[in-house]
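S.K.:
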Amino acid sequence: MKLTLRVWRQKNADAEGTMSTYEVDGISPDMSFLEMLDTLNEELILKGEDPVAFDHDCREGICGMCSLVINGEAHGPERTTTCQLHMRSFRDGDTIDIEPWRAAAFPVVKDLVVDRSAFDRIIQAGGYITAPTGSAPEAHATPVPKPDADYAFEHAECIGCGACVAACPNGAAMLFTSAKVNHLNVLPQGAPERETRVLDMVAQMDEEGFGGCTLAGECATACPKGIPLTSITRMNREWLRATRKAGKR
Amino acid sequence: MTSYTDYTTGAPAVDTKAPAGPIHERWDKRRFEAKLVNPANRRKHTVIVVGTGLAGGSAGATLAEQGYKVIQFCYQDSPRRAHSIAAQGGINAAKNYRNDGDSIHRLFYDTVKGGDFRARESNVHRLAQISVEIIDQCVAQGVPFAREYGGLLDTRSFGGVQVSRTFYARGQTGQQLLLGAYQALSRQIAAGNVEMHPRTEMLDLIVVDGRARGIVARDLITGRISTYFADAVVLASGGYGNVFYLSTNAMNSNATAVWRAHRRGAWFANPCFTQIHPTCIPRTGDHQSKLTLMSESLRNDGRIWVPKAKGDTRPPNEIPEDERDYYLERIYPSFGNLVPRDIASRAAKNVCDEGRGVGPGGQGVYLDFADAIERMGRKAVEAKYGNLFDMYQRITDEDPYQVPMRIYPAVHYTMGGLWVDYDLQTTVPGLFAIGEANFSDHGANRLGASALMQGLADGYFVLPATINDYLARNPHKDEVTDDHPVVREVLAETEDRLHLLLAVDGDRTPDSFHRELGELMWEFCGMARTDSGLRKALERIPQIRDEFWRRIKVPGTGEEFNQSLEKANRIVDYLELAELMCLDALHRTESCGGHFREESQTPDGEAARKDDEFAYAAAWEFTGTGEAPVLHKEDLVFEYVHPTQRSYA
Amino acid sequence: MARTVWDSTVGKKTVMAVSGLIMLLYLVVHMIGNLKIFFGPGEFNHYAHWLRTVGEPFMHYEWTLWVIRVVLLAAVVAHAVSAYQLSRRDIKARPRTYVHRKPRAGYATRTMRWGGVILGLFIVWHILDLTTGTVHSGGFETGKPYQNVVDTFSTWYGNAVYIVAMLALGLHIRHGFWSAAQTLGAGSRARDRALKTVANVLALLLTAGFIAVPVGVMTGVVS
């Protein structure tokens, strides 16, 4: 396959960026999208040019490190991560636009690499259960109904890649935040911190400069792990409940 | 000039911390004998933790909870991304919830046997004891393990054992456990007890007056090289499988932290013990950048076969039942498709070597679910393995519900690592190694679902108990600063190395060297090793190293985000570590676990151990790049599990 | 608690949802009242007069109406201010758009924002036209709403403005009702279809009901 790539190039956080055009040839349909970029980079290095910087690590779709907007879609046309997107999803001769995640809370570090540390700070605000090592009761002491356990798992699947923010017209982090709130709040172990968790995480999310939710639904469409939009609804409910309870105290 | 093969043998390695007495009392005894640090004094102690995987994440969180000041590092943009996250299958624990005869002793026994009698009994027994607490801890953190309708935890069986002791969270157990540790760590970061440095890579160890006192690390965004000081340094930087270029490791997993520590005096044990995982997706071409693992749990229901006839190119569905060879079921009737990983991998290699492999290049065997689908129904298969099937289909463009999967072994895990004593302390006082980074509890072969167990055991429970002893016995000494001559020297060496990499300006990319080294290692130090092959590799590696320093091309500068520089610097260390792996494999003329020497096999092709010669862990001491190292043997004593030739037939 | 709500994006969305639902409830009543126009000037004018006497003798003349007006004004202001502040925040949170734009991305958000602005302007015109009579096209007469309505819809621009606004209203309610339900946490996977159906039906009924009046005037059914 022969392809034309238009790639966002930006030297560093402070520099102005621009789209640059590259031609790549000899691309196999069995290559992953990132292997296609590897091929481009090998050529650029030998030509003495700066290779395209992009984040990636596990290349199995689970670490959440890879992050490209391909032809206007976070992680490209398939519902998966960029590392699991294969070139057979494109056609010979295609022109492909590759851009970084765009959001004020995710400033560009270089080229296609962005800073997602805002996500870490949202988790730090309350995305955990306080259970110091050694303090745990016997695992079977608290049975968890299977539907609740499955519900928790479904939300715990979030890989923190940031595609939801990238796809959101408002650069909102509601789906990311709600996934963790739902995971922990549905479990009996998470109950003692149920209210503070949602209030603190939402406050931190706002603090980081993410936008608000207009329920456009783009986040859930882009999510490679299929976190549902109802996750946000449920978080709203948790937030209202927590606000009411906090108001009574 | 001495050749690398002219190693010398030094004083034996002795584990001075391991207590004596009945095995089930040793851990209690050690914990009691270990000195404690007064809680009020803990915040005066700083501990550096490198890595945020299961071992590092859990250690950082736990040490911070205890009151120590923790400075932690990871090269990823967030501590949540460490490669532990990719573990699929599950985590073992001797809970005996199934009432199927499991016990701490059985888990201990299975692990020692599965490791082909090359692990330390005391450590393994401790691991089995702690396994029980790990599950409790993770459940308390909200890890959403699979549950049954009654609300209790579900378990399944895993390769190499006959009890159902593996706890799991669909095919994403590693992810869920890691996020649990990450969340605990996040709480400590928010509390100000952990100073987290993401996108920062350790490049060297600072040893002052014989003690580990800090590290040199590079900020991967700005390129700034800085020093960090502490009272103890913990390496939780994972394994070194990426020496092989193609492996199931993450692209950026690397050996720099452990190799630099080795160069500064930490012995490296059993480097040749690498695990080749039997169920990976075969490679499709030269563009391949990594290999993807399919969980071993697939072997619970899938049947592995190849055509009986050589060069049979018919599509699998057209090959009739009686022309198929279900070779694992044939050779190992009692364990069948569930034999340990090393055995399954080697068997796959053998049938492919016979010319009966399937798929492009004949490098693959079938993993067939037709029977399972017929027996359990497609729905049940989907519920159990759906995400794995989807992943397979995405990568190969083939539907495993219709056509059997094709699998082939791939480098997955490294049992070798920094030599540590019972306290997980390396030979450099104050330097600890936990998780896959140490030579660990798995001997010559790791059982499925045991890596997660070991990482969390080390991080949550073992290290936090043993590091107290070191810190209590070595009270806060003089501050080390950048002005210290040792620090200045280490800093200068690091900077020089990076400058040199940038200055060569040759004509080959970092990846091209990495790939060349990887292919060499796969051929000569992979699934089957021979004297002549290893010698060939040992001759070739210094040549590649030499060529590397003449022809490497790294664009850009060191004062910026430069992924090529990161890569090249990691390859520098691979090029030295690979040599030690080959030497270790050459010196160990027996076969054991994942280390198969063609010269040492039973008449029917099984690994033949030589217990009278090799019942030891080989700990290597660094003497200089390309210089023959010194071998220190730690004799392994088996008081409880008596070595027998492993039999899974 | 009020501070928590107003300072949070989720809280502001709640304000929008609640105020939106208040306005929606009002619109349903308003539309039903409007349809009385098809029963002739007598019934329509009588209805308009009754609106001013609701609650008597407990309430004085027009008191109830003023209470409703105040509540509505508060709802409109709360809705608009929240929307304005949230939109500013949203635009700031996404300072740069993609070079390659996905065709439908942000469709709902855009219709809500522009639809909201159109509706805001419409309300101002609507009040000046039919409540105060300031910009009325014919000779506005207090207490003769039937004639006033007929006058308005006898001009082409009166019809055009009204119909465009009502179409915007339909789109706004279609996403807004469902969205409010999500914001208030009432949505769930099981209920999602039902909510969407209710939103669509509400949007359709209100749009059709409101547009029926100008259409009636134009076709001569109402004159």
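Residue numbers (the working numbering), protein chains in the order written: chain A, 585 to 833; chain B, 140 to 788; chain C, 23 to 245. Where a beta carbon is used, it is the ideal one built from N, C-alpha and C, also for glycine.
1. Mind checking whether B/Pro568 and B/Tyr524 have CB atoms under 9 Å apart?
2. Just checking, does the region 304-321 of chain B make contact with the region 582-597 of chain B on the three C-beta pairs under 8 Å criterion?
3. Closer than 9 Å, CB to CB, is A/Thr798 near chain C or not?
4. Name the residue from B/Phe571, B/Arg422 and B/Asn409 whose alpha carbon lies nearest to the alpha carbon of B/Gly353.
5. Output the residue ranges of the alpha helix (DSSP H) runs that lie fully inside the region 639-663 of chain B and measure 4 residues or longer, sorted by chain position.
6. Within a Cβ cutoff of 7 Å, which residues of the same chain sit near B/Leu127, ignoring the five residues on either side of it in sequence?
7. Spatial neighbours of B/Pro283 within its chain, please: CB distance less than 7 Å, with the 5 preceding and 5 following residues excluded, ordered by chain position.
8. Residues of chain D with CB under 8 Å from A/Phe690, in chain order?
9. Of all Cβ atoms in chain C, is any one closer than 9 Å to the Cβ of A/Ala733?
10. Which residues in the same chain as B/Ala788 place their Cβ atom closer than 6 Å to its Cβ, once the five residues preceding and following it in sequence are excluded?
11. Quick one: any contact between the region 184-192 of chain B and the region 213-224 of chain B, if contact means 3 or more CB pairs under 8 Å?
12. For the beta strand (DSSP E) holding B/Pro446, just list the boundary residues, first then last.
13. When you compare only the Cα positions, how much space is there between C/Leu94 and C/Ile44?
14. Per the DSSP calculation, C/Tyr168 is bridged to which residue(s)?
15. Less than 8 Å between the CB atoms is what I'm expecting for A/Gly744 and A/Phe690, so what's the real figure, rounded?
16. Output yes or no for whether 9 Å exceeds the beta carbon distance between B/Gln211 and B/His336.
17. Three or more beta-carbon pairs under 8 Å between the region 737-747 of chain B and the region 684-699 of chain B, yes or no?
18. Round the Cβ separation of B/Gly645 and B/Arg689 to the nearest angstrom and send it over; I've been treating them as touching at under 8 Å.
19. Along the region 747-772 of chain A, what residues have a CB closer than 8 Å to any CB found in chain B?
20. Hey, would you say C/Met2 sits closer than 9 Å to C/Phe232, going by beta carbons?
21. So is B/Asn391 in contact with chain A if we call contact Cβ pairs under 9 Å?
22. Hey, how far is the Cα of A/Val698 from the Cα of A/Ala775?
23. On the DSSP bridge list, what partners appear for B/Thr431?
24. Here's the rule I'm using: 16 or more other beta-carbon atoms within 10 Å means buried, otherwise exposed. How should B/Pro499 be labelled?
25. Compute the Euclidean distance between the alpha carbons of B/Ile606 and A/Ile713, then round it to the nearest angstrom.
26. May I have a chain-ordered list of the alpha helix (DSSP H) segments no shorter than 4 residues that lie completely inside the region 267-332 of chain B?
27. Expressed to the nearest angstrom, what Euclidean distance is found between the alpha-carbon atoms of B/Pro614 and B/Gly556?
28. Which residues of the region 640-665 of chain A have a Cβ closer than 9 Å to any Cβ of chain C? Give them in chain order.
29. Give the interface partners of B/Tyr288 over in chain A, defined as CB-CB distance under 7 Å, in chain order.
30. Kindly give me the distance between the Cβ atoms of B/Tyr143 and B/Gly765, rounded to whole angstroms, as I take these residues to be in contact under 8 Å.
31. If we define contact as Cβ-Cβ less than 9 Å, is A/Asn820 a contact residue for chain C?
32. Per DSSP, B/Gln564 forms a beta bridge with which residues?
33. Nearest to B/Ala529 by CA position, among B/Ile420, B/Glu468 and B/Ile187, is which residue?
34. In whole angstroms, what separates the C-alpha of C/Arg135 from that of C/Ala105?
35. What residue from B/Gln311, B/Glu752, B/Leu716 and B/Glu699 has the CA that sits closest to B/Glu729's CA?
36. Find the nearest neighbour of A/Asp676 within the set A/Cys748, A/Asn820 and A/Glu607, judged by alpha-carbon distance.
M.R.: Short version:
1. no
2. yes
3. yes
4. When only C-alpha atoms are compared, the closest one is B/Phe571.
5. 649-663
6. Here chain B covers residues 140 to 788 and nothing more, so residue 127 of chain B does not appear.
7. If we look at B/Pro283 and ignore the five residues flanking it on each side, its Cβ neighbours are Ala308 and Gln315.
8. No chain D is part of this structure, whose protein chains are labelled A, B and C.
9. no
10. Tyr471
11. Yes, they touch.
12. Arg442 to Pro446
13. In this structure, the alpha-carbon of C/Leu94 lies about 8 Å from that of C/Ile44.
14. DSSP output for C/Tyr168 lists no bridge partner at all.
15. Not a contact, Cβ separation roughly 12 Å.
16. Remark: C-beta atoms of B/Gln211 and B/His336 approach each other more closely than 9 Å.
17. no
18. 6 Å
19. His767, Leu768 and Leu771
20. The displayed coordinates of chain C run from 23 to 245. Any statement about residue 2 of chain C would go beyond what the structure contains.
21. yes
22. 34 Å
23. DSSP, once it has assigned bridges, lists no residue as partnering B/Thr431.
24. Classification of B/Pro499: exposed, given that the 10 Å Cβ count is below 16.
25. 26 Å
26. 312-329, all fully within the region 267-332 of chain B.
27. 28 Å
28. Val653, Ile654, Asn655, Gly656 and Glu657
29. Lys730
30. Approximately 7 Å separates the beta-carbon atoms of B/Tyr143 and B/Gly765; this is inside 8 Å, confirming the contact.
31. yes
32. B/Gln564 is bridged to B/Phe571.
33. The identity of residue 529 of chain B in the sequence shown is Asp, whereas the question assumes Ala. Among B/Ile420, B/Glu468 and B/Ile187, the Cα nearest to that of B/Asp529 is on B/Ile420.
34. 8 Å
35. With distances taken between Cα atoms, B/Glu729 lies closest to B/Glu752.
36. Each of A/Cys748, A/Asn820 and A/Glu607 was checked against the Cα of A/Asp676, and the nearest Cα belongs to A/Glu607.
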